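Down below is the structure, laid out as structure tokens.
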Amino acid sequence: MLRIAVQAKGRLNEQSIELLNEAGVAVSMENRKFLMRASDFPAEIILLRDDDIPQTVAIGAADIGIVGYNEVAEKGLEVNMLQKLGFGGCRISLAIPKSQTYTGLEFFKGKRVATSYPEILRKFFADNDIDAEIHTITGSVEIAPTAGLADAIFDIVSSGGTLVSNGLIEVEKVLFSEAVLIGNPALSEEKMALARQLMSRFESVRNGIGKKYLLLNIPASALDEAVKLLPAMRSPTVIPLANSEWCSLQTVVDEKNLWNLIESLKAIGAEGILVLSLDKIVM
Ligand code: PRT
Ligand code: ZN
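Those letters in the sequence shown? Residues 14 to 296, per my numbering, in order.
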């Protein structure tokens, strides 16, 4: 049985549980417990604070875990990076009060910088030969400059709204992060096989994100032109219709460009266009 560490509550909890559910590791958050047995897959989910996940996996109290890369980088423990998971995207940046003039990294020499990520910052400053004072605080780092506790901050940014509402401006993006799957470096063959099975299921789930299944009828005379418009995984499926002047086309398309594509297809005579949502693409 594979033990999987997941954030108990917070920004990554919901999407981690959803990804696991989509991958067939079903757990219910309705009667959440610290340790939950998954149905239909030999796994149990252990719910933890995100800060504790790298260590739990490093010592083998959990076999694999889903956590922000920022936590893995900060803890610097020995875990295997198994897979990027494509959600929880953010960066850790240096930000200063917007009343200050930014002069480049030299700005930070001798300054007090508040952060919850002292190790990542220590390394960044050391690599850049900056001698600054690092103040480790947990929670509400963004108020440190206003409170007079620091001259600058080093904190997680996603939309940037929090910085703006605290009168701060982002000046250096130091580390990009997203949720990642980590594994204990000494997993048994059996557990590694289960982890690999999960990784391939996660990939199938991710492949389906942002994709739609498109079905349409097209006059046979316009078929070649329609096929050119449709980037399919191999090539679109073409099915003849009872009326030989028409055929049906089926393919997977990106949601991004969907409306332009539909309009181009209509312009060459496509009819009966159906756009269906798509769950998973298993390669
Ligand atoms: O209780 P626990 O310790 O488990 O949770 P936590 O409070 O330490 O972490 P949590 O749930 O806030 O975040 C978990 C993980 O989500 C982080 O480690 C990151 O990997 C990731 N993540 C993604 C973020 C954000 N985006 C994010 N925006 N973590 C925090 N934030 C903060 C940011 O610092 C800012 O204060 O959210 C605020 C809003 O950000 P803006 O830029 O959109 O305004
Ligand atoms: Zn935390």
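Beta carbons: idealized from backbone N, C-alpha and C, even for Gly.
Only a predicted model underlies this, so the values are computations on that prediction, with no experimental measurement involved.
| message | Please return the same chain residues whose Cβ sits closer than 7 angstroms to the Cβ of D267, not counting the five positions on each side in sequence. | response | G223 and K224.
| task | Quick one: grab the DSSP three-state call for L236. | result | helix
| query | Taking the alpha carbon of M14 as the point to measure from, which residue in Q210, L181, I133 and K97 has its own alpha carbon closest? | reply | Q210
| query | Do you know offhand how far N197's Cα is from L90's? | reply | 10 angstroms
| request: Kindly indicate which three-state DSSP category K204 falls into: helix, strand or coil? | output: helix
| request: Could you check if F47 is buried or exposed, using at least 16 other CB atoms within 10 Å of its CB as the buried criterion? | output: When all chains shown are included, F47 counts as exposed.
| query | Based on Cα-Cα distance, which residue from V154, V265 and E191 lies nearest to D292? | reply | V265
| said: Quick check: does the Cβ of V40 come within less than 6 angstroms of any heavy atom belonging to the ligand PRT? | reply: No heavy atom of the ligand PRT is found nearer than 6 angstroms to the CB of V40.
| query | Can you round the beta-carbon distance between L188 and R135 to whole angstroms, since I take them to be within the 8 angstroms contact cut? | reply | L188 to R135, Cβ: 13 angstroms. No contact.
| To the nearest angstrom, how far is it from the Cα of L287 to the Cα of V92? | C-alpha separation (whole angstroms): 46 angstroms.
| task | Check M42 in the structure and name its three-state DSSP category. | result | coil
| said: Please classify S106 as buried or exposed, where buried requires at least 16 other C-beta atoms within 10 Å of its C-beta. | reply: buried
| task | In angstroms with no decimal places, state the Cα-to-Cα distance between N34 and S112. | result | 47 angstroms
| Are the CB atoms of L25 and A199 nearer to each other than 7 angstroms? | Note that the C-beta distance between L25 and A199 is not below 7 angstroms.
| request: Would you mind reading off the limits of the alpha helix (DSSP H) that contains P131? | output: P131 to D140
| said: Tell me the DSSP secondary structure of E268 in three-state form. | reply: coil
| said: According to DSSP, is R214 part of a helix, a strand, or is it coil? | reply: helix
| query | Are the Cβ atoms of A108 and I150 separated by less than 7 angstroms? | reply | Contact: no.
| query | Taking just the CA atoms, how far does S290 sit from C281? | reply | Correcting the residue type first, residue 281 is Ile in the shown sequence and not Cys. Answer to the nearest angstrom: the Cα atoms are 24 angstroms apart.
| task | Between the Cα of P232 and those of E43, N256 and A71, spot the shortest distance and give me the residue it belongs to. | result | N256
| request: Report yes or no: do the stretch 164-184 and the stretch 120-138 share at least 3 C-beta pairs separated by less than 8 angstroms? | output: yes
| said: Using C-beta distances below 7 angstroms, list every residue in its chain close to T175, excluding the 5 sequence neighbours before and after it, in chain order. | reply: E155
| Limits of the unbroken beta strand (DSSP E) element including P253 | T250 to P253
| query | Can you name, in chain order, every residue of its own chain whose Cβ lies under 8 angstroms from the Cβ of S277, other than the five neighbours on each side? | reply | L242
| Is there at least one non-hydrogen atom of the ligand PRT closer than 6 angstroms to the beta-carbon of Q20? | yes
| query | S29 lies in the alpha helix (DSSP H); which residues open and close that run? | reply | N26 to E35
| task | Tell me whether P55 sits in a helix, a strand or coil according to DSSP, three-state version. | result | coil
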